[in-house]
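Colleague:
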Amino acid sequence: MSARVLVGVKRVIDYAVKIRVKPDKTGVVTDGVKHSMNPFCEIAVEEAVRLKEKKLIKEVIAVSCGPQQSQETIRTALAMGADRGIHVDVSGKDYENLGPLQVSKILAALAKKEDVRLIILGKQAIDDDCNQTGQMTAALLDWPQGTFASQVDFQEDSLKVEREIDGGLETIKIKMPAVVTADLRLNEPRYATLPNIMKAKKKKIDTVKPSDLGVDLSPQLEVLSVEEPSQRQAGVKVETVEDLIKKLRDSGRI
Amino acid sequence: MNFTPKKTNISTAVRVPKKVQQVPGVPPKAAGTARAELAQEWQQADVSEATDLWRPSLVGIKKGSKEPIRDRLIFWDWTAGIKSSSLMNPISDCLGHPEKRKAKVQFDWQDALCLESQLTEEETMIRDTFRTYCQDKLMPRILLANRNEVFHREILTEMGELGVLGPTIKGYGCAGTSYVAYGLIAREVERVDSAYRSVMSVQSSLVMHPIYAYGSEEQKQKYLPKLATGELLGCFGLTEPNHGSDPGSMETRARYNPSSRTFTLNGSKTWITNSPMADVCVVWAKCEDGKVRGFILERGLKGLSTPKIEGKFSLRASTTGMIIMEDVEVPEDCLLPHASGLAGPFGCLNNARYGISWGALGAAEFCFHTARQYTLDRIQFGVPLARNQLIQKKMADMLTEISIGLQACLQLGRLIDQKKSAPEMVSMLKRNSCGKALDIARQCRDMLGGNGIADEYHVIRHVMNLEAVNTYEDDENVRQSCTVNGKLKSGTVNLDSEAS
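As you go down the protein sequences, you meet chains D and Z in turn.
Counting from 1, one number per residue, gives the positions in the first sequence under full-length UniProt numbering.
Counting from 1, one number per residue, gives the positions in the second sequence under full-length UniProt numbering.
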């Protein structure tokens, strides 16, 4: 019962915003664009807070890697019920090159430092759609992982995780300490209540640097170009099924 | 004399019109002109993706130019009617210099005067959370709730869970936030519907506030926590059938019975939001000494009835009714001990009026955003409606009024938080916000044309609601007076008289 849970939250461009590609094709426009917490991270925070309310775990720590603005995301997690926050300060060029590998190194280092028994992350971020951080973190720590979790049952020393896989649902039992990544149907995140938002002001957010954790942030990947998807072409109507087959054959589709 | 006539080349002498593709919506004689090409490009451009209100300019466009219009973001300083060189240079845009396009500070039509930068992190979080709730949970309900005149009692409970009822009250299960946060909350609710904001205002400012400000400790402990969670629904009874703007001459009487230590109330109140479903009524009656005092009445008292007012065409999503009291006997501890005279109810109304001044602008913003998107999407005569200068002029006026109004409300909120505000300030801004919002809503309805009268587009609902919002809590045509200690203090200026 003295378990601590680490929840990773990422500050991403809000899902409702229309993305624009930068003219120089190095990325998307992020200046002045509305950002918010990654929806899967919200589900992860909600799960951790529910575990705390059921008194199965002691403390929920929210972590975010990024520039100063990431603290807003941590505050939102605190308003939802996390106990304290850790802001890993990464800015400038390092932030642009921050990918799942670097983040998982940071999370692994923090998990060891804070003596954490469970790491809950969102399954993927809606900006890069990588779906790698949870898996890499588990590998670096040599912990079992329950990914795409749609249900998590907390038992004494292990977790029963129901995973959403292509063929249906798979239930696995993994020993703690472990890494779980949250899928859409795990829970429905709560709205932060006003009193909780006010209380979140008083909760602590520690700032650390990646160098303090002994993490090397050098990038392994280089982004060559970012382009918009090609415009949708107009469709063509055909009269009969034979015409359809002929057209498909002609264009080499079948 | 040798006079050789110049050989006329027939092909150049007669202007042969170029064979051009007929563009739907463009008159044939305009075919082949830059206008027709523009129209063609407009029809192909995905206007729904425009996040900025832009219009293509004929300046610098070459006939046959292949450059897509979307790349030409040109901002016009509508209010001045001239191209503002301080923002962007449209000419250089047309010549296609994307680097020059990006000015240091971008103008954001959704937040023209950067209200965002003036809010604290807490206020921003409160607003964002509540906005998500309103759009997710309230917006889907409102269409049919308004059409069928259904009041969803559950929204009180939902709002109570979020802690937004009585947000400025400290303790008793309430959040204790700033008045600016209260204003932001009201703006988000009214963005969905004024009826929902009325319900919230009544509960927070007109029921919880008088109990908090004027009630005894027992009354506060008894009622406030349950009102905060939405378990109890309250209503505020001041207005009478014959005394609306003039509550001072009310006919409701409260007679004290020393033998049983009770008060007997007689009278009727009308236009009371929430009353048909309310559990608690804060009613104001004149006592034998001529002073107006407040009483907390609970449903179930003998002689107390709350008939519903049918046939309302405004604020249909909330329930409004009368409070009829026929020899209603209440124990003397139902009296609000610290309120005496009209200052009591007026203090509450002031509180609610502040919320309304923010709220009305929320409704105006919704109408403005809807009209903007509609006029961008609707193509007539080959171009979107937004291409027309009259529409643009109206939009510019709307944006200006909303931005200015919000700045004023923010300043007022900060003053109230510092306890440096006067009631006249609140009246002034309520009148401004409601009048401007009603005007904006009407103009937006007009811009939506025939579709504007369908409730699926929502704007007509705001037009109907704002009629009531403009009137209640201080009609703009009546001089509002505050009787404090018997002296008459004038509030809002009477539009007709010079001397006020």
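No residue lacks a Cβ here, since even glycine has one placed at the ideal position from N, Cα and C.
(1) Below 8 Å, can you find three or more Cβ-Cβ pairs linking the segment 239–257 of chain Z to the segment 298–315 of chain Z?
(2) Are there 16 or more other CB atoms within 10 angstroms of the CB of residue 274 of chain D, so buried, or fewer, so exposed?
(3) With 7 Å as the limit, tell me which residues of the segment 32–60 of chain D have their beta carbon closer than that to any beta carbon of chain Z; keep them in chain order.
(4) List, in chain order, every chain Z residue whose beta-carbon is nearer than 7 Å to that of D:Lys173.
(5) Tell me which residues of the UniProt domain "Acyl-CoA oxidase/dehydrogenase middle" (235–328) of chain Z have at least one Cβ-Cβ distance to chain D shorter than 7 Å, keeping chain order.
(6) Checking the sheet assignment: what are the DSSP bridge partners for Z:Met325?
(7) Note down the Cα distance separating D:Leu98 from D:Pro219, rounded to an integer number of angstroms.
(8) Taking 8 Å as the line, does the beta carbon of Z:Ile391 fall inside it for any heavy atom of the ligand FMN?
(9) D:Glu47 and D:Leu186: beta carbons closer than 9 Å?
(10) Kindly say whether D:Tyr191, judged by its beta-carbon, lies nearer than 9 Å to any beta-carbon of chain Z.
(11) Report yes if the C-beta distance between D:Gly146 and D:Ile172 is below 9 Å; otherwise report no.
(12) What span of residues does the alpha helix (DSSP H) with Z:Trp358 cover, start to end?
(13) With a cut-off of 8 Å on the beta carbons, I'd call Z:Gly183 and Z:Trp358 a contact; round off their distance for me.
(14) Within this structure, are the beta carbons of D:Val28 and D:Ile120 separated by less than 9 Å?
(15) Of the residues D:Lys58, D:Ala44, D:Thr73, which one's Cα is nearest the Cα of D:Met37?
(16) To the nearest angstrom, how far is it from the Cα of D:Asp24 to the Cα of D:Glu227?
(17) For Z:Tyr457, which residues in the same chain have their Cβ closer than 7 Å to its Cβ, ignoring the five residues on either side in sequence?
(18) Can you list, in chain order, the residues of its chain with a C-beta nearer than 8 Å to that of Z:Leu165? Leave out the 5 residues immediately preceding and following it.
(19) Is the Cβ of D:Arg84 closer than 9 Å to any Cβ of chain Z?
(20) Going by C-alpha distance, which of D:Thr76, D:Val21, D:Pro67 is nearest D:Ile43?
(21) Give the range of the alpha helix (DSSP H) segment to which D:Gln231 is assigned.
(22) Quick one: measure Cβ to Cβ for Z:Gly341 and Z:Pro210, integer angstroms, because I've assumed they're closer than 8 Å.
(23) Would you identify the three-state DSSP class for D:Ser70, choosing helix, strand or coil?
(24) Output the distance between the C-alpha atoms of D:Pro67 and Z:Cys367, rounded to the nearest integer angstrom.
(25) Hey, quick one: how far does the beta strand (DSSP E) through Z:Val280 stretch, first residue to last?
(26) Quick check on this structure: which residue in Z:Cys281, Z:Glu161, Z:Ala181, Z:Leu224 has the alpha carbon closest to the alpha carbon of Z:Ser322?
(27) If I'm right that D:Ile197 touches Z:Glu122 with Cβ under 8 Å, what's the distance once you round it to whole angstroms?
(28) Would you decide whether Z:Asn146 is buried or exposed? Buried here means 16 or more other CB atoms lie within 10 Å of its CB.
(29) Go through its chain and collect everything with a Cβ distance to Z:Glu240's Cβ below 8 Å, but skip five positions before and after it.
(30) Just to confirm before moving on: does the CB-CB distance between Z:Asn465 and Z:Ala195 stay below 9 Å?
(31) May I ask which residues mark the beginning and end of the alpha helix (DSSP H) holding Z:Phe313?
(32) Can the beta-carbon of D:Ala192 be found less than 9 Å from the beta-carbon of D:Ala108?
(33) Which ranges would you report for the beta strand (DSSP E) in the segment 109–196 of chain D if only whole runs of at least 3 residues count?
(34) Name the one or two DSSP bridge partners that Z:Met320 has.
(35) Counting only Cβ pairs nearer than 9 Å, list the residues of chain Z close to D:Glu72.
(36) Measuring only the C-alpha atoms, how far is Z:Val283 from Z:Leu233?
Modeller: Straight from the coordinates:
(1) no
(2) Residue 274 of chain D is absent from the structure shown; chain D starts at 1 and stops at 254.
(3) Gly32
(4) As a working note, residue 173 of chain D is residue 173 in the first sequence. Correct list: empty, because the minimum Cβ distance to chain Z is about 35 Å.
(5) none
(6) Position 325 of the second sequence, counted from the first residue, corresponds to residue 325 of chain Z. Answer is Z:Gly267, Z:Leu304, bridged to Z:Met325.
(7) Locating residue 98 of chain D in the first sequence gives position 98, counting from the first residue. Locating residue 219 of chain D in the first sequence gives position 219, counting from the first residue. Between D:Leu98 and D:Pro219, the C-alpha separation is close to 7 Å.
(8) Inclusion of the ligand FMN in the displayed structure is not the case, the ligand content being empty and no account of it being possible.
(9) Indexing the first sequence from 1 puts residue 47 of chain D at position 47. Indexing the first sequence from 1 puts residue 186 of chain D at position 186. Their beta carbons are under 9 Å apart, which means D:Glu47 touches D:Leu186 by this criterion.
(10) The sequence position of residue 191 of chain D within the first sequence is 191, counting from 1. Closer than 9 Å to some Cβ of chain Z, the Cβ of D:Tyr191 qualifies, so yes.
(11) Along the first sequence, one-based indexing puts residue 146 of chain D at 146. Along the first sequence, one-based indexing puts residue 172 of chain D at 172. For D:Gly146 and D:Ile172, yes; Cβs fall inside 9 Å.
(12) For the purposes of this step, residue 358 of chain Z is identified with residue 358 of the second sequence, where counting begins at 1. Here the alpha helix (DSSP H) through Z:Trp358 covers 343–377.
(13) As a position in the second sequence, residue 183 of chain Z is number 183, starting the count at 1. As a position in the second sequence, residue 358 of chain Z is number 358, starting the count at 1. Right, the Cβ-Cβ distance comes to about 4 Å (below 8 Å), so this counts as a contact.
(14) What you label residue 28 of chain D is simply residue 28 of the first sequence in a count that begins at 1. What you label residue 120 of chain D is simply residue 120 of the first sequence in a count that begins at 1. No; because the gap between Cβ atoms is not below 9 Å, this pair is not in contact.
(15) By 1-based counting over the first sequence, the position of residue 37 of chain D is 37. Comparing Cα positions, the closest option is D:Thr73.
(16) Reading the first sequence from its first residue, position 24 is the one you call residue 24 of chain D. Reading the first sequence from its first residue, position 227 is the one you call residue 227 of chain D. Their Cα atoms are separated by approximately 10 Å.
(17) The count along the second sequence starts at 1 and reaches residue 457 of chain Z at position 457. If we look at Z:Tyr457 and ignore the five residues flanking it on each side, its Cβ neighbours are Thr370, Leu448, Asn451.
(18) The residue labelled residue 165 of chain Z in the question sits at position 165 within the second sequence. Cβ neighbours of Z:Leu165 beyond the five flanking positions: Leu156, Met159, Cys174, Met200, Gln203, Ser204, Met208, Leu227, Ala228, Thr229, Gly230.
(19) Within the first sequence, numbered from 1, the residue matching residue 84 of chain D stands at position 84. Judged by the 9 Å Cβ criterion, D:Arg84 is not in contact with chain Z.
(20) Locating residue 43 of chain D in the first sequence gives position 43, counting from the first residue. It is D:Thr76 whose Cα lies nearest to the Cα of D:Ile43.
(21) One-based indexing of the first sequence puts residue 231 of chain D at position 231. Note, D:Gln231: premise wrong, no alpha helix (DSSP H); not H, not E.
(22) Position 341 of the second sequence, counted from the start, is the residue given in the question as residue 341 of chain Z. Position 210 of the second sequence, counted from the start, is the residue given in the question as residue 210 of chain Z. Contact doesn't hold; Cβ gap of about 13 Å is too wide.
(23) Here residue 70 of chain D refers to the residue found at position 70 of the first sequence. D:Ser70: helix per DSSP, three-state reduction.
(24) Position 67 of the first sequence, counted from the start, is the residue given in the question as residue 67 of chain D. Position 367 of the second sequence, counted from the start, is the residue given in the question as residue 367 of chain Z. Cα-Cα distance, rounded: 36 Å.
(25) Position 280 of the second sequence, counted from the first residue, corresponds to residue 280 of chain Z. Its beta strand (DSSP E) spans residues 280–286.
(26) As a working mapping, residue 322 of chain Z is identified with position 322 in the second sequence. Just to set this straight, residue 322 of chain Z is Met in the shown sequence, not Ser. Nearest of Z:Cys281, Z:Glu161, Z:Ala181, Z:Leu224 to Z:Met322, Cα basis: Z:Cys281.
(27) The residue you call residue 197 of chain D lines up with position 197 of the first sequence. The residue you call residue 122 of chain Z lines up with position 122 of the second sequence. About 6 Å; that satisfies the 8 Å criterion.
(28) The residue labelled residue 146 of chain Z in the question sits at position 146 within the second sequence. With 16 or more Cβ atoms within 10 Å of its Cβ, Z:Asn146 is classed as buried.
(29) Numbered from its first residue, the second sequence carries residue 240 of chain Z at position 240. Here the set comprises Pro247, Met250, Glu251, Thr252, Gly267, Ser268, Lys269, Thr270.
(30) Walking along the second sequence from the start, residue 465 of chain Z turns up at place 465. Walking along the second sequence from the start, residue 195 of chain Z turns up at place 195. Closer than 9 Å, so yes.
(31) The sequence position of residue 313 of chain Z within the second sequence is 313, counting from 1. Where Z:Phe313 is concerned, there is no enclosing alpha helix (DSSP H), given that its DSSP letter is neither H nor E.
(32) The residue you call residue 192 of chain D lines up with position 192 of the first sequence. The residue you call residue 108 of chain D lines up with position 108 of the first sequence. Taking 9 Å as the Cβ cut-off, D:Ala192 and D:Ala108 do not qualify as a contacting pair.
(33) 118–122, 145–154, 158–165, 168–175, 178–182
(34) Start at 1 with the first residue of the second sequence, and residue 320 of chain Z comes out as number 320. Before going on, a small fix: residue 320 of chain Z reads as Thr here, not Met. According to DSSP, which records beta bridges pairwise, Z:Thr320 is partnered with Z:Thr273.
(35) Residue mapping note: residue 72 of chain D aligns to position 72 of the first sequence, counting from 1. Correct list: Glu121, Thr124, Met125.
(36) For the purposes of this step, residue 283 of chain Z is taken as the residue at position 283 of the second sequence. For the purposes of this step, residue 233 of chain Z is taken as the residue at position 233 of the second sequence. Z:Val283 and Z:Leu233: Cα-Cα distance of roughly 14 Å.
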